[in-house]
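A short worksheet on the structure shown next.
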Amino acid sequence: MKKYQLVIVGYGGMGSYHVTLASAADNIEVHGVFDILEEKRDAAAQKGLNIYESFADVLADEKVDAVLIATPNDSHKELAISALEAGKHVVCEKPVTMTSDDLLAIMDAAKKVNKHFMVHQNRRWDEDFLIIKEMFEQKTIGDMFHLESRVHGANGIPGDWRHLKAHGGGMVLDWGVHLLDQLLFLVDSNVKSVSAHLSYALGDEVDDGFVTFITFENGITAQIEVGTTNFIKLPRWYVKGTEGTGIIHDWDLSGEIVKPTALAKTSEPTPIKAGQGLTKTMAPPSEEATNTLSLPTPAKLATSFYNNFANVLSGESDPIVQNEEVYQVLKLIEAIFEAAETDKTIHSI
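Positions in the sequence shown are counted from 1; adding 138 to them yields the working numbering.
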């Protein structure tokens, strides 16, 4: 079977990681690396990788079937279109472009030259997300009507260009693009409205965190949050359904499902003292009124990203990550920025 020859463009943290990911695929071979920085090229050479001295050299090499773009966000569009027009297939890191219009330009270029373009939205393969996907599709807690998805840390914005607006830095574009992609991949409904708040607590020109509240046309609501100033984390996932509640605390997949029993519909909770008053509404249910269950085993996606990419190139499969889906994520990101800047709820997405 054909081994597709891939060149990694940009040998930073993600670029070097892609060497491992692509090399593990059945029909992909890492043919070489290009980076504009000499020290990065030297680091790749020390790993035994073939080194290109320029991007033009990559495009001129007829042995190269595809390129992976893992450079700062603002360079993706130009590099992708150049590679496509040179007859190469392209994989691009996220966020794929700075604007949704830029992605449309890439999609148009790919169509004109009949080459494939895919975005590496790798968090669709995360086990915590796949657990939630399993619960959603199998109605483990009934019809899921509210989701909270968040990642919290206390290390601030990562170094280098991610602090700079011109390069597409900030947490909406860094982590938000992942959580939003997961959400839209899960919920098959158009977005009805978006409100958002961006944090600039660390004094950078780009956001160091954000929270957005999203309502879908089918009534499902979601709160998506990213923070880099959180010394105490909130749960990775908190989801509510018509027949229970689920929680995943962190990437270690610790968590549980709590569902009501038949007794819950007939038993009255015992009032408790809460502060300076009594409450029955907020009193915990009795032990007999609920069941605590383990999280389900996630149903994994059919294949890895790079095996899917190779199968797309050979005409055997459709892309797991569709460009139209990525476009909708970018449109949602643009709505989040607009909602935060105007302090208004956005209704036209």
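We treat Cβ as the ideally placed atom computed from N, Cα and C, and that holds for glycine. In this text the structure is predicted, and so the values were computed from the model without any measurement.
Cβ-Cβ separation, residue j to residue i (assumed contact under 8 Å), whole Å
i, j, result
"Asp266", "Ile386", "5 Å"
"Ala473", "Leu336", "With 8 Å as the limit, Ala473 and Leu336 do not qualify as a contact, their Cβ atoms being about 13 Å apart."
"Val344", "Ile484", "With 8 Å as the limit, Val344 and Ile484 do not qualify as a contact, their Cβ atoms being about 20 Å apart."
"Ala421", "Thr408", "6 Å"
"Val147", "Leu217", "6 Å"
"Ile166", "Tyr142", "5 Å"
"Asn328", "Phe354", "7 Å"
"Met245", "Ala208", "20 Å between Cβ atoms; not a contact."
"Leu187", "Val157", "7 Å"
"Phe475", "Val310", "7 Å"
"Ile279", "Gly415", "Rounded, the Cβ-Cβ distance is 31 Å, inconsistent with contact."
Assigned exposure category for residue i - 16 Cβ within 10 Å defines buried
i, result
"Tyr149", "buried"
"Thr480", "exposed"
"Ala183", "exposed"
"Asn449", "buried"
"Ala247", "buried"
"Ile458", "buried"
"Leu175", "exposed"
"Ala412", "exposed"
"Ile219", "buried"
"Ala400", "exposed"
Cβ pair residue i, residue j closer than 8 Å
i, j, result
"Gly347", "Val364", "yes"
"Ala206", "Val251", "A quick correction: the sequence has Leu, not Ala, at residue 206. Not closer than 8 Å, so no."
"Lys215", "Ala243", "yes"
"Val232", "Val257", "As written in the sequence, residue 232 is Lys, which differs from the Val given in the question. Their beta carbons are under 8 Å apart, which means Lys232 touches Val257 by this criterion."
"Gly291", "Asn368", "yes"
"Leu322", "Leu439", "no"
"Leu324", "Lys271", "yes"
"Ala163", "Ser442", "yes"
"Val464", "Arg374", "no"
"Ala168", "Ser161", "Just to set this straight, residue 168 is Val in the shown sequence, not Ala. Cβ distance < 8 Å, so Val168 and Ser161 count as in contact."
"Gln259", "Ser287", "no"
"Leu391", "Ile269", "yes"
"Thr380", "Phe283", "yes"
"Phe255", "Asn446", "no"
"His305", "Asp212", "yes"
"Ile362", "Leu317", "yes"
"Pro423", "Trp299", "no"
"Val145", "Val315", "no"
"Leu159", "Tyr376", "no"
"Thr99", "Asn293", "Outside the modelled stretch of the chain, which goes from 139 to 487, sits residue 99, for which no answer is possible."
"Leu433", "Ala360", "no"
C-beta neighbour in chain B for residue i, strict 8 Å
i, result
"Ser392", "The chain labelled as chain B is not found in the depicted structure, where only one protein chain is given."
Closer than 7 Å: residue i CB and nearest the ligand HEM heavy atom
i, result
"Lys178", "Within the structure as shown, the ligand HEM is missing, as the structure has no ligands at all."
- prompt: What are the complete beta strand (DSSP E) segments, minimum 3 residues, inside the region 140–189?
  reply: 142–147, 166–172
Minimum length 3: unbroken beta strand (DSSP E) runs contained in the region 298–342: 329–337
query: Do the region 188–204 and the region 233–242 touch if we need at least three Cβ pairs shorter than 8 Å?
result: no
query: So, do the region 384–401 and the region 421–438 have three or more beta carbon pairs nearer to each other than 8 Å?
result: yes
message: Report the start-end ranges of each alpha helix (DSSP H) in the region 438–479 that is 4 residues or longer and not cut off at the edges.
response: 443–451
Inside the region 195–253 only - beta strand (DSSP E) runs reaching at least 3 residues: 204–207, 227–230
task: At 3 residues or longer, and completely inside the region 258–293: list those beta strand (DSSP E) runs for me, N to C.
output: 282–290
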